[in-house]
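One structure is given here, and the rest of the page talks about it.
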Amino acid sequence: MNLIDLGVVINTLWIGLIYSLMAIPLTISYKVTRVLNFAHTSLVTVGAYVAVILSLVYPDFFSNVFVALIAAFFAGAIVAILNHKFVYRKLMDKEASPVILMIASLGSWIFLKYLIYSVISIVSKVIKKDLYFAVPAFRYTLNLNFLGISNPSLTYSLILGISLIVLTFVVFYRTSFGKAMRAVSDNPQLAQISGISDESVMTLTWFLCGGLAAISGVFWAMFSYASPEFADSLILQVFAACVIGGISSIALTILGGFVIAGAENILMSILYNLIGLDLSFRPFLSFLTLLIVILVRPPAGAAGGLPYRLKFKRERKWT
Amino acid sequence: MSEETKVTKPSSGVLPRLLAAFVIGLILGGLGTFLVQSSQYSAQLSDLQNRVNTLQAAVNALNTTKIYTIGVSFPLTGELSDVGNQWKTVAQMALNDLNSELANENVKVQFKLVIVDDKTQAQDALTAVQSLAQQGIKVVVGPAASSQVKAVKAYADANQILIVSPSSTSPTLAIPNDFIIRTVGSDAVQAEALAKLAFEQGARNVVVFYRDDEYGQAFAQFFNNVFSSLGGKATLTKYATGLPDYASEVAQLSSQVKAIGADAVVMISFDTDGANILGHAKDDPTLSSVRWFSSEGVHGTTQLLSPEIATFIRKVNLLGTRPVFKENPVYIDFAARYKSLTGRDPPVFAANVYDSIILVGKAILLAGKYDGAAIRAAMFKVASNYYGASGWCILNSAGDRMYQDYAIWTVSSVNGTYEYQDIGSYSGGTITWG
Amino acid sequence: MDVVGFLVSWITLFSIYSILSISLNLEAGYTGISNFGKAAFYGIGAFFAAVISLSAFLMLNGLSYPLYSLETIISMGTLSKQNPILSILIFLFTVVLAFFVSGIAGYMVSYPTLRVGPAFLGITVLSFGELLRIFLRNFQPTGGTYGLAGIPHPFAFIQDPAVKDFMFMLVTLVILAIMYIFSEKFVNSPYGRIMKSIREDEIASLCLGKDVPKIKAQVLFIGSGMAGVAGALLAYYMGSINPDIFVPSLTFEVWAMVILGGLANNKGALLGAGIITFLNRASVILNFTFQNLPIDVNYIRWMIVGLLIVASLLFKPEGLIPEDPKSSFIWNFVEEKEPISLKKRMEETSKKVKFYIKKVFDWFAMGGG
């Protein structure tokens, strides 16, 4: 019996790439600013809808994927920076704890989500198109035959996504800005003493993270569709990818994205063909994988803590 | 320190205390005056007031337009937000039609809608219906999902609030003598139509790919019963709802179709999931080589008319059933108006939403008073001779729609663009083409 | 507008959510366990109560329908009204048992999750909750996606719906009061101080010989148990439940309540629950006042809710009622003060009241000048 089809593998790659792209900005922003950003979903949605709306309203100019991606990048970046300036910065000035920042991000997520709903409802009335369920117009006009893969959306996503990931690595590990970000994430006080302005580093971080999140939203719209809710139903998987990376390591976060995508596709396929597990158990498998990964290898990163298992091991040694 | 010095000592806290004392004094004084007055004049006053009120009411009834409010609980956000927002437009269309008809006939009654979002959540549906009821509303159109209707059922029955759901099809809600009315038919007949259609088209070994919710489960079960009794073989495969994408499910479906050598796929979906499934299936060689059949859920979505998916639909010759009465002029008019208003075809159950609003309005008129039980009784009478956008709306004893004819739909090319077309109908157990 | 009806339905919802927020406050506020799986234990309580009461009624009447079937829903309509004492007994029995069932679930979940370290406990419990929800969606005996309906209301025998709802509100309020008093006593006991010490410095507490995992597990038992009671109440209140009620966003809503009111303060948890449930319920008035706006009024409504959460955090990042570190009697000893007895407190209050009453009378005597 054929356990895995080629289609399943391609899906894994594609979805894994998008999960990774969504998870990377979440990890970076948590590392640098200590905000577990629930409003991340809104940034993703903003990106998807900027591309969709522009490509539907100005089909000639925005039929080019790159133009749409750049527009989405700046839209996401602006929303993220505004969110930082009006909410997180003010709370940080009042020395709020990370959990307060998290709930504040929950509040701005609720606000942004329904703001997006409002904008969509107005625009869809004006342009007389259904935007509650939409794909960017360029999804159907892309044509590129690359390495024999006939699906142009996939090809574009793969090339652009991988180059974006590489670019993120370069920015994070090879530039002075990246160094400053890492310095702030390691020790904000020390960074400030060394003459790094943590406010400008944070603003730039949000610029980068907001933009990346928005671009991942465009990729999702190219892969599947855009709706005001899609990012909300993805966020747990994205969080899972981050947690596998300990919400600190970018490389492990990327791995996490692919692990979750693999569990949802390859593992599902194997279990389905082997024991006839219902397809409706797919989300079950991603959480199961997350649990197993956490329990087997507790992630020790920015948010890592005090695993009691170590204590018991020591006890055994002593006795 | 003695108590006196504490009191007289000036401090920053004196002003608020004074203010508090002032407010308490005002309240007490007001209450006292009120009590004294009311005890003196209450009898005469109330008598006089009653007379004035009755007179005023009589005069008002003759002169002014009476405004009734219809509550609406739709999923404007959440999983079903796509259809919910389309339905909102439909509901407002129906309201305008109802009001302009009344104005033309010089009936001094107008209707008003209050639309409350229920987030596609059971608990939010209950609070939405409670909020509406507490504002004096006795009849609510919605909520959409069967799970939500169940959540509001106990409250509606106890408080006599009439719930008119345009889309709940769960067989576990066919309860007689309750305050739930469903203007949508049971899917048993549609499943029969779809099964006969698939069998007639030569499908013998099908995979039924259905939503894992009450709608999908019931539909798939009905389909399986009919299809096996016809002599076909149906394999049931369900997929989780509320996911952002169904590419993985489509990949599994493909491998299953290949493994059991199925000759057709029967998709029982709603709109966003269905369009998404078709969007991924078009890239799959296995799924492009079998026949496809579909329920009404995906009918009306714009995505199916995009050239890529439409070519796929033509290639696999997708045929679907949907509840509509044959050559229904009301529906044709409704669909055309809806398209000019929004630029798209009416979505799933749009005609039922339209008819629900009109039926509720007419039932209120017939009942003559704004009372849940009276409107419920009137609703059965009105529905028994009402032919609307969704056809005959006759209700059975459980408050569900009794008769429904079905059309067979597909997407075909007309002058270079793709459009939805009804190419046949199912009525009284037989399929008629053309 | 039906003010009484509004108050009754709001207070019922408020009580249920308050029990949740108090229980989360015990875990997150006092012990520092970031539990993001509240919805799971809430759901366990709800499903337990629904399954037990439905099967009890069916069994006692010699019926053997599946729990989720149409026949069950129809027959429960009459059965629930027949025997008032039986209804109330089953209600109380399931509510009390829901505490233990959910609590044991919480205790068992804590065993693996506490070993991944405090920071990842949240996501682990959340994953557990999602696993449970997806399992229940696919588990036909408890209805699967059909859910369970026709759950017998304990006061179904009362004809007037207003009285029925009022009685139920009273019961939930009493249960809330019990939970509130219990958790106040609990956090001000020596055990409560161990909880706070774990929150402040886990390693230090370990070094002092406190069995941190055990205490955390016990707190999870109590917190989850309380959530289970809230779930059971919800099941009886709504009369029908399905797995999709217990989604993670519900947990986040409870978190927002606790943070808004103020972590580690039970009054804050009550206030937070009150504010958010009130906003959700009362903001519907916008739907009645503003119609035909270009933007749907419902969106504006939820936007305001989000804005208010952010605004109140900006206004008071520590919560509206911040933690009062000296709320326990023991602090008065530490500060070498005489503890204030209840009698003395009451005397002081009555003096204040007398003073204001005197002032009001003086004001009247002076002719309102």
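If you're matching them up, the sequences are chains A, B and C in order.
Mapping to the working numbering: the first sequence position 200 is 200, numbers consecutive.
Basically the working numbering = 1-based index in the second sequence + 1000.
Basically the working numbering = 1-based index in the third sequence + 2000.
We treat Cβ as the ideally placed atom computed from N, Cα and C, and that holds for glycine.
Just so we're clear, the structure is a prediction, and the values are computed from it rather than from any experiment.
| Query | Result |
| --- | --- |
| Assigned exposure category for Asp-1212(B) - 16 Cβ within 10 Å defines buried | buried |
| As assigned by DSSP and simplified to three states, the class of Asp-1422(B) | strand |
| Chain A contact residues for Asp-1157(B), given Cβ-Cβ distances below 7 Å | Chain A residues near Asp-1157(B): none, gap ~32 Å exceeds 7 Å. |
| Per-residue contacts from Trp-2255(C) into chain B (C-beta, under 9 Å) | Neighbours of Trp-2255(C) on chain B: none; closest Cβ ~17 Å, over 9 Å. |
| Own chain residues within Cβ distance below 7 Å of Gly-2268(C), not counting five before or after | Gly-2261, Gly-2262, Gly-2319, Leu-2320 and Ile-2321 |
| The stretch 240-253 of chain A contacting the stretch 40-48 of chain A, beta-carbon criterion three pairs below 8 Å | no |
| Per-residue DSSP class, three states only, for Asn-145(A) | Residue placement at Asn-145(A) is poorly supported in this model, since its pLDDT is 48, which falls under 50; the coordinates are not used for a value here. |
| Pick from Ile-1175(B), Phe-1325(B) and Asp-1187(B) that is closest to Ala-1407(B), judged by C-alpha positions | Phe-1325(B) |
| Option nearest Leu-2024(C) by Cα separation, candidates Asp-2324(C), Leu-2250(C), Leu-2308(C) and Ser-2341(C) | Leu-2250(C) |
| Met-1267(B) (DSSP reduced to helix, strand or coil) | strand |
| Contacting residues, own chain, Cβ-Cβ under 6 Å from Pro-1346(B) (five flanking each side not counted) | Gly-1300, Ala-1335 and Tyr-1338 |
| DSSP state of Ser-2018(C) mapped onto helix, strand, coil | helix |
| Length at least 3, wholly inside the stretch 1189-1244 of chain B: the beta strand (DSSP E) runs in chain order | 1205-1211 and 1233-1239 |
| Closer than 9 Å at the beta carbon, the chain A residues around Asn-2138(C) | Asp-278, Ser-280, Phe-281 and Phe-284 |
| 8 Å Cβ shell around Gly-148(A) - same chain, five flanking residues per side excluded | Unreliable positioning characterises Gly-148(A) in this predicted model, as indicated by a pLDDT of 49, which lies under 50. A coordinate reading is not provided. |
| Within chain A, the residues that Pro-2112(C) reaches when beta carbons sit closer than 7 Å | Leu-295 |
| Chain B within 9 Å of Met-2161(C), Cβ atoms only | Sequence inspection shows Pro at residue 2161(C); the Met mentioned does not correspond to that position. Closer than 9 Å: yes. |
| Residues within the stretch 255-274 of chain A neighbouring chain C, beta-carbon criterion of under 8 Å | none |
| Residue-chain proximity (Pro-59(A), chain B), Cβ-Cβ < 9 Å | no |
| Pick from Asp-1178(B), Ala-1389(B) and Gly-1136(B) that is closest to Val-1152(B), judged by C-alpha positions | Asp-1178(B) |
| Buried versus exposed call for Thr-2349(C) [16 or more other C-beta atoms within 10 Å across all chains shown] | exposed |
| Rounded Cβ spacing between Phe-1270(B) and Leu-1194(B) (contact assumed at less than 8 Å) | Not confirmed; about 16 Å, so no contact. |
| Presumed contact (8 Å Cβ cut-off) between Ser-194(A) and Lys-1238(B), rounded CB distance | The Cβ separation is near 58 Å, so there is no contact. |
| Reduced DSSP secondary structure (H/G/I, E/B, other) of Glu-1123(B) | As written in the sequence, residue 1123(B) is Gln, which differs from the Glu given in the question. DSSP places Gln-1123(B) in helix when its eight states are reduced to three. |
| is_contact[Gly-1416(B), chain A] using C-beta, thresh 9 Å | no |
| Distance between Val-1330(B) and Lys-129(A) (C-alpha atoms, nearest Å) | 24 Å |
| Beta-carbon neighbours of Lys-1150(B), restricted to chain C and to distances below 7 Å | Gly-2147, Ala-2149 and Ser-2240 |
| Minimum Cβ-Cβ distance from Lys-179(A) to chain C less than 9 Å | no |
| Where Pro-1329(B) meets chain A, residues with beta-carbon distance less than 8 Å | Those do not exist, as Pro-1329(B) stays about 25 Å from chain A at its closest Cβ, beyond 8 Å. |
| Proximity winner among Glu-1192(B), Asp-1422(B), Ser-1186(B) and Tyr-1068(B), relative to Asn-1328(B) (alpha-carbon distances) | Asp-1422(B) |
| Pairwise C-alpha distance: Lys-1150(B) and Val-1184(B) | 16 Å |
| is_contact[Met-2001(C), chain B] using C-beta, thresh 9 Å | yes |
| Anticipated Cβ contact below 8 Å, Leu-2234(C) with Ala-2046(C), distance rounded | 5 Å |
| Minimum length 4: unbroken alpha helix (DSSP H) runs contained in the stretch 2227-2267 of chain C | 2248-2261 |
| Where the stretch 1209-1222 of chain B meets chain C: residues whose CB sits under 7 Å from a CB there | Asp-1212, Asp-1213, Glu-1214 and Gln-1217 |
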